[in-house]
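Under our numbering, the sequence shown has 66 at position 29, and the numbering climbs by one with no breaks. Cβ coordinates follow ideal geometry from the N, Cα and C atoms, glycine included. Being a predicted model, the structure only gives us computed values, none of them experimental.
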Amino acid sequence: GIGRALVRHARRWAREHGLQMILAEATTKNYPALCFYQNLGFQFCGFNDHYYTNQDIALFFVQNLR
Numbered sequence: 038g039i040g041r042a043l044v045r046h047a048r049r050w051a052r053e054h055g056l057q058m059i060l061a062e063a064t065t066k067n068y069p070a071l072c073f074y075q076n077l078g079f080q081f082c083g084f085n086d087h088y089y090t091n092q093d094i095a096l097f098f099v100q101n102l103r
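Written out as structure tokens, the structure is:
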């Protein structure tokens, strides 16, 4: 789908520019996004409970490019 194509493009762009990883973020309430990132091989790497003004918690995922 479109989401997978966008992530593929982001990976390609990041590699071409010498980046070692890409980071993704989603709120704990966005279950489809959380599943999407995990299905693409992203690994949970942290959270921030002050990221959003509405007090939602942000979850961060990383994918190494090497």
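Taking the alpha carbon of residue i as the point to measure from, which residue in the options has its own alpha carbon closest?
i      : options                    : result
Gln100 : Phe73, Met58, Ala63, Ile39 : Met58
Leu96  : Ala51, Leu77, Lys66, Arg48 : Lys66
Gly40  : Ala63, Tyr68, Phe73, Gly83 : Phe73
Give me, in chain order, the residues of the same chain whose beta-carbon lies closer than 6 Å to that of residue i; leave out the 5 immediate sequence neighbours on both sides.
i     : result
Asp86 : Ile94
Ala70 : Ala63
Ala61 : Tyr74, Phe79, Phe98
Once DSSP output is grouped into helix, strand and coil, what is the label at residue i?
i      : result
Asn67  : coil
Gln92  : coil
Phe79  : coil
Leu102 : coil
For residue i and residue j, which I take to be in contact (beta-carbon distance under 8 Å), what is that distance rounded to the nearest angstrom?
i     : j      : result
Arg45 : Leu102 : In fact, because the Cβ distance is near 12 Å, the residues do not count as touching under 8 Å.
What does a CB cutoff of less than 7 Å around residue i pick up in its chain, not counting 5 residues either side in sequence?
i     : result
Cys82 : Phe97, Phe98, Val99
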